[in-house]
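First to last, the sequence lines map onto chains A and Y.
With my numbering, letter number 31 in the first sequence gets 31, and the count goes up by one each step, no holes.
With my numbering, letter number 202 in the second sequence gets 340, and the count goes up by one each step, no holes.
Beta carbons: idealized from backbone N, C-alpha and C, even for Gly.
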Amino acid sequence: MAAAKRPIRVLVAKPGLDGHDRGAKVVAAALRDAGMEVIYTGLHQTPEMIAQAAVQEDVDVVGLSILSGAHLTLFPRVRKLLNEAGRDDVLVTGGGIIPPEDMDALQKQGIGKLFGPGTPTAELVRYIEEWAAEHVSA
Amino acid sequence: MSGTDRKPVYTAADLAGFDAQRQLGRPGAYPFTRGIHPTMYGGRLWTMRQFAGFGTAEDTNQRYKFLLEHGQTGLSVAFDFPTLMGYDSDHPRAEGEVGKCGVAISSLADMEDLFRGIPLDQVSTSMTINGPAAMLFCFYVAAAEKQGVPSQKLRGTVQNDILKEYMAQHAWVYPVEPALKIIVDMFDWCARHAPLWNTISISGYHIREAGATAAQELAFTLANGFTYVERGVARGLDVDAFAPRLSFFWDVHNDFFEEIAKLRAARRIWARHMRERYQSKNPRSWMMRFHCQTAGVTLTAQQPMNNVVRVAYQALAAVLGGTQSLHTNSLDETLALPTEDAVRLALRTQQIIAHETGVAQVIDPLGGSYYVESLTDQLEREAEGLFAEIQSGGGVVKGIETGWFQRQIARSAERFQRALEARERVIVGVNDFTSEDDHPVEILKVSNDAEDGQRRRLARLRAERDNGLAAARLDALRQAALDDKNVIGPMLDCARAYCTLYEIRHALERVYGAYREPVFF
Chain A
1 MAAAKRPIRV
11 LVAKPGLDGH
21 DRGAKVVAAA
31 LRDAGMEVIY
41 TGLHQTPEMI
51 AQAAVQEDVD
61 VVGLSILSGA
71 HLTLFPRVRK
81 LLNEAGRDDV
91 LVTGGGIIPP
101 EDMDALQKQG
111 IGKLFGPGTP
121 TAELVRYIEE
131 WAAEHVSA
Chain Y
139 MSGTDRKPVY
149 TAADLAGFDA
159 QRQLGRPGAY
169 PFTRGIHPTM
179 YGGRLWTMRQ
189 FAGFGTAEDT
199 NQRYKFLLEH
209 GQTGLSVAFD
219 FPTLMGYDSD
229 HPRAEGEVGK
239 CGVAISSLAD
249 MEDLFRGIPL
259 DQVSTSMTIN
269 GPAAMLFCFY
279 VAAAEKQGVP
289 SQKLRGTVQN
299 DILKEYMAQH
309 AWVYPVEPAL
319 KIIVDMFDWC
329 ARHAPLWNTI
339 SISGYHIREA
349 GATAAQELAF
359 TLANGFTYVE
369 RGVARGLDVD
379 AFAPRLSFFW
389 DVHNDFFEEI
399 AKLRAARRIW
409 ARHMRERYQS
419 KNPRSWMMRF
429 HCQTAGVTLT
439 AQQPMNNVVR
449 VAYQALAAVL
459 GGTQSLHTNS
469 LDETLALPTE
479 DAVRLALRTQ
489 QIIAHETGVA
499 QVIDPLGGSY
509 YVESLTDQLE
519 REAEGLFAEI
529 QSGGGVVKGI
539 ETGWFQRQIA
549 RSAERFQRAL
559 EARERVIVGV
569 NDFTSEDDHP
579 VEILKVSNDA
589 EDGQRRRLAR
599 LRAERDNGLA
609 AARLDALRQA
619 ALDDKNVIGP
629 MLDCARAYCT
639 LYEIRHALER
649 VYGAYREPVF
659 F
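In structure tokens:
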């Protein structure tokens, strides 16, 4: 019975010092328009700040936007901190300027699918909805 | 405007009431619509200036020498994110980011290495730095002194445009008011000590890249420019003492004629406001000099070779719009920092326009075109409408504090994305004419070696310098800030004593505090 299904909760976050937030804001708006509850952290967040916000806000998904080249440091750090907080059930996904081989390496470290420039927002929505259908109990 | 509001043809009826004398004038004369020099490229070509920086100062020094050997005529420094935010390479917040998106510069020692073997009295250097602009400028002045070159001889630009940082690029340090105070300190100090230096590059580029339309880019940037002028005048500076050193920086996007019209309108609006509204007397204060860069946001990861074509058209628009200097993006820049091959091709694109197409022979070749003049007038009207809106909302600073500008820009970015996904707009290789077999291009990898090297270097610097002197200079800087004096002189003394970037940032942060952004989406 799919009665009163609660919306998927997503934290959109900008880790590191990179100030490019066009993508993060466009994605946050698209996820909201798709019926998700979206929280946006603002810029210049440390992995600690992001993990803490994810736990406090009890989100299902953390979406990180990184265009600075620091993805190999920042994605695993957020994943590790969430795991340490007992939230290995939270999906960590995201996008930005990330070479395909780095995407592969990150997926091996427990990060979800990562999206590059030119991805239609509908693709992100579909990915998160499919993941949630499988992993989030209503 | 967005390319959807154009008529199929423009005629004399579209220019009813057009007064060529008043709206165009001669090249090199008020209102400078046709260009700022009487001879334009017949006298001197634009400066070909590729923005570059990665890894350590030594790595980037090699790239600069490569570019100069291949005919580049000016330097442009890209700093890494820690430097842009005022953090040393060994600060905890810098971890993973050192040298990744630009060069790491944490002190005078790094700046000396960056320009080793490059005589600073013979090149002009542009530095894209904002929050800590004055600090990097002081490192540069001190590095020049080490080469025996006095500040009076230095030519170049610091971006130093904090208002658009709050609006769009987001590399800030201090709250709005103290940040503006330091900028006016720069106007004042440079007027006396570095008269050839451009104290600011008032930038539409990042506003546009963050999502703004051409009209928003034009209006927000000019409104920022007017705000700097008002702050300088409010300090008691003579407008003609600092206005001639204000420069601008525009994004050149895909809509070819709209971009040309934007550049022409920008010159005309600036000239009129500077003369009529701010009562400046020196024609150099009316003259809008600017740099252009092709639009990074138009580059696609899909079919990256297509980017070469986009960049060539955008560069042509910049030249037809009368730019003073130009950066052409490399085809691989949506994937990583550019390789040497890619950056050489981007530079060659400019050289082909300059030396093969013949477009540089005639000044403002589109002047008088029914279409281009109509677009120029239309953009000017839209900009004036936006100025009125900004004014009625309480001005630029108020609009930043309330997030008005940030929201306007984000809304435009969302509209653009929706149009793309509805395929009302075509991007070749992305939402149409796609192909399965995109040929991947080779990309530049920046290792973490820079971070380790910088940590060791900074440890050595802190061990070897005169720490007593460094501490005394930092105290003097903080005292100058507390006494509301011009901070540039004391900051230069800090640079000379090898105080680090973060030490200087921190000394002033104790007085000024730090900026907190209004968060929303």
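Straight across, the Cα-Cα distance linking A:E57 with A:L74 is about 20 angstroms. Residue state for A:I39 is assigned as strand, using DSSP reduced to three classes. For the pair Y:V457 and Y:I174, the Cα-to-Cα distance works out to about 13 angstroms.
Here the alpha carbons of A:N83 and A:M49 stand approximately 15 angstroms from one another. If the five residues before and after Y:Q488 are omitted, its C-beta is found closer than 7 angstroms to the C-beta atoms of M186, A453, L464, T466, all from its own chain and listed in chain order. Taking C-beta atoms under 8 angstroms as the contact rule, A:L114 and A:I98 qualify, at a distance of about 6 angstroms.
Under the three-state reduction of DSSP, Y:T514 is assigned to helix. Assigned with DSSP and collapsed to three states, Y:H429 falls in strand. Cβ contact annotation for A:T41 (same chain, cutoff 8 angstroms, sequence separation greater than five): L11, V12, A13, K14, M49, I50, A53, in chain order. For Y:V390, the closest alpha carbon among the candidates Y:S341, Y:P316, Y:R422 is that of Y:S341. Per DSSP, the continuous alpha helix (DSSP H) segment holding A:W131 begins and ends at 121 to 135. Excluding the 5 residues flanking it on each side, Y:L646 has same chain C-beta neighbours closer than 6 angstroms at A619, in chain order. Interface criterion not met: the Cβ of Y:E518 is under 8 angstroms from no Cβ in chain A. When Cβ-Cβ separations below 8 angstroms define contact, A:T93 makes no contact with chain Y. Y:V649: member of the alpha helix (DSSP H) spanning 639 to 650, first to last residue. Beyond the five residues adjoining it in sequence on each side, A:G35 comes within less than 7 angstroms, by CB distance, of P7 in the same chain, given in chain order. Taken in chain order, the whole beta strand (DSSP E) runs of length 3 or more contained in the segment 443 to 529 of chain Y are 463 to 465. For chain A, the residues of the segment 227 to 239 of chain Y that bring a beta carbon within less than 8 angstroms of one of its beta carbons are R231, A232, E233, G234, E235, K238, C239, in chain order.
A Cβ of chain A is located within less than 8 angstroms of the beta carbon of Y:F219. If the five residues before and after Y:G506 are omitted, its C-beta is found closer than 6 angstroms to no C-beta atom of its own chain. Here Y:W335 carries a strand assignment [DSSP, helix/strand/coil].
With respect to the 8 angstroms criterion, Y:F204 and Y:E478 are classified as neighbours on the basis of their beta carbons. Residue-level contact by beta carbon holds for Y:T438 and chain A, with a gap shorter than 8 angstroms.
Contact between the segment 212 to 224 of chain Y and the segment 233 to 252 of chain Y is present, with at least three C-beta pairs closer than 8 angstroms. Listed along chain A are G19, each with a C-beta nearer than 7 angstroms to that of Y:Q307.
With at least 16 other beta carbons inside 10 angstroms of its own, Y:Q297 counts as buried.
Contact between the segment 424 to 433 of chain Y and the segment 401 to 415 of chain Y is present: three or more C-beta pairs spanning the two stretches fall below 8 angstroms. Between the C-alpha atoms of Y:G212 and Y:S264 there is a straight-line separation of about 8 angstroms. Listed along chain A, the residues sitting closer than 7 angstroms to Y:F659 by beta-carbon distance are K25, A28, A29, Y40. Between the segment 577 to 593 of chain Y and the segment 226 to 237 of chain Y, the count of Cβ pairs shorter than 8 angstroms is three or higher; the stretches touch. Judged by beta-carbon spacing, Y:G286 lies beyond the 8 angstroms limit of Y:A551, meaning their Cβ atoms are not closer than that value.
If you check the CB distance, Y:E396 and Y:A352 come in under 8 angstroms. Interface flag for Y:Q555 against chain A is set, since a Cβ pair is found closer than 8 angstroms. Not one beta carbon of chain Y lies nearer than 8 angstroms to the beta carbon of A:S65. With a threshold of 8 angstroms between beta carbons, Y:I243 makes no contact with chain A.
In the displayed model, Y:A216 falls within a strand according to three-state DSSP.
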